[in-house]
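Asks: Mind having a look at this structure? Questions to follow.
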Amino acid sequence: MTDSLADVLDAAWRLLSDGAGDRRSPVHTPVVTSIGGDGAPDARVMVLRAADRATATLRFHTDARSPKCAALDGARVGVLAYDPAAAVQLRLAGTARVVTTGAEVDAIWATSTPFARRCYLAEAAPGTPLPAPGSGLPAWVEGRKPDEAELLPARPNFALLLVTVTAIDRLHLAQAGHRRARFAAKDGWAGAWVVP
Ligand SMILES: Cc1cc2nc3c(=O)[nH]c(=O)nc-3n(C[C@H](O)[C@H](O)[C@H](O)COP(=O)(O)O)c2cc1C
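For the sequence shown, the numbering used here begins at 92 and goes up steadily by one.
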């Protein structure tokens with residue numbers, strides 16, 4: 092346990108960046124929350140692909156056609172993760188943007204596995220009704236790895252969801268006494284202790 096707010100902030104970003112790189116970490120799959128177009132709260136699990144402290148940015152991947160892209164682009168979002176091993180909850184607030192074109196998206200697309208890219212071959216947008224249970228993928232690619240040429244039509248459906256983090260609320264659970272600290276970009280990330 093540390094009394095240093097700077098150490099707490101360091102540890103929070105380390106948890107995020109380690110979580111992004113570790114499929115077994117619970118921080119790898121945080122909950123991303125938003126307010127839907129109808130004003131109702133919404134939440135979904137997403138894979139955290141990268142966490143960059145220097146730019147205070149989190150990166151997620153998603154289908155550009157999904158309703159959440161329209162709802163999240165330019166909107167305020169929440170990101171929630173809990174790591175039982177560290178006994179740390181992270182509640183992040185930020186602003187989201189959806190990026191579908193440009194060198195960064197192309198480079199990330201190119202290095203994703205064929206199976207990861209196959210999701211974006213779905214014939215209709217996520218959430219489109221189906222007459223029966225199904226993946227939404229065209230029948231020809233069901234159950235097999237697509238090749239590079241077959242993946243070409245999937246590329247326009249791939250989007251980065253980038254979240255610029257504006258605030259972090261970190262709660263550490265401990266038998267001796269819980270500790271909670273809040274940090275905000277507008278305060279230069281100085282942070283402050285609060286009652287847990
Ligand atoms: C473990 C796990 C990881 C997921 N990762 C992603 C992801 O990286 N990107 C994504 O768009 N959806 C991901 N999903 C699916 C979403 O939770 C959600 O069901 C889907 O994106 C549709 O959400 P929407 O209706 O808000 O657009 C994941 C779901 C689970 C259970």
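Think of the CB as a built atom: it goes at the ideal place given N, C-alpha and C, for glycine as much as any other residue.
List in chain order: all unbroken beta strand (DSSP E) runs of 3+ residues lying wholly within the stretch 160-186.
Replies: Complete beta strand (DSSP E) runs here, min 3: 167-174.
Asks: Under the criterion of a Cβ to heavy atom distance below 6 Å, does residue 136 qualify as lining ligand 1?
Replies: For ligand 1, at least one heavy atom lies less than 6 Å from the Cβ of residue 136.
Asks: Would you report the Cα separation of residue 42 and residue 268, rounded to the nearest angstrom?
Replies: The chain is shown only over 92 to 287; residue 42 falls outside these bounds and no answer can be derived.
Asks: Mapping DSSP to helix, strand and coil, what is residue 202?
Replies: Of the three classes helix, strand and coil, the one that applies to residue 202 here is helix, per DSSP.
Asks: Between residue 157 and the rest of its own chain, which residues show a CB-CB distance below 8 Å, the 5 nearest in sequence each way excluded?
Replies: Once the five neighbours on either side are set aside, the close Cβ partners of residue 157 are 216, 217, 218.
Asks: Skipping 5 residues on each side, what residues in its chain have a beta carbon closer than 6 Å to that of residue 116?
Replies: Within the same chain, residue 116 has close Cβ partners 110.
Asks: For residue 270, tell me which candidate among 153, 232, 284, 199 has the shortest Cα-Cα distance.
Replies: When each option's Cα is compared against that of residue 270, the closest is 284.
Asks: Cβ-heavy atom distance between residue 217 and ligand 1 below 6 Å?
Replies: Because some heavy atom of ligand 1 lies under 6 Å away, the Cβ of residue 217 counts as near it: yes.
Asks: Short of 8 Å in beta carbon distance, which residues of its chain neighbour residue 229, apart from the five on each side in sequence? Order them along the chain.
Replies: Same-chain partners within the cutoff: 212, 214.
Asks: Can you grab the Cα-Cα spacing for the pair residue 194 / residue 266, in whole Å?
Replies: Looking at the two C-alpha atoms, the distance is approximately 48 Å.
Asks: Cα separation between residue 206 and residue 236?
Replies: Those two C-alpha atoms are separated by around 6 Å.
Asks: What are the partner residues of residue 297, as DSSP defines its beta bridges?
Replies: In the structure as shown, the chain starts at 92 and stops at 287, and residue 297 therefore has no counterpart that could be examined.
Asks: For residue 256 and residue 280, I'd like the C-alpha separation in whole angstroms.
Replies: Those two C-alpha atoms are separated by around 11 Å.
Asks: Taking 6 Å as the cut-off, does the CB of residue 119 come closer than this to any heavy atom belonging to ligand 1?
Replies: Flag unset: Cβ of residue 119 not near ligand 1.
Asks: Please report the straight-line C-alpha distance between residue 95 and residue 181, rounded to a whole angstrom.
Replies: Distance between the alpha carbons of residue 95 and residue 181: 17 Å.
Asks: Is it a yes or a no for the stretch 118-137 touching the stretch 154-172, going by three-plus beta-carbon pairs under 8 Å?
Replies: Yes: at least three Cβ pairs fall under 8 Å.
Asks: Can you tell me whether residue 116 sits near ligand 2, meaning its C-beta is under 6 Å from at least one heavy atom of the ligand?
Replies: Within the structure as shown, ligand 2 is missing, the only ligands being ligand 1.
Asks: Please determine whether the Cβ atom of residue 244 lies at a distance below 6 Å from any heavy atom of ligand 1.
Replies: Not so, every heavy atom of ligand 1 lies at least 6 Å from the Cβ.
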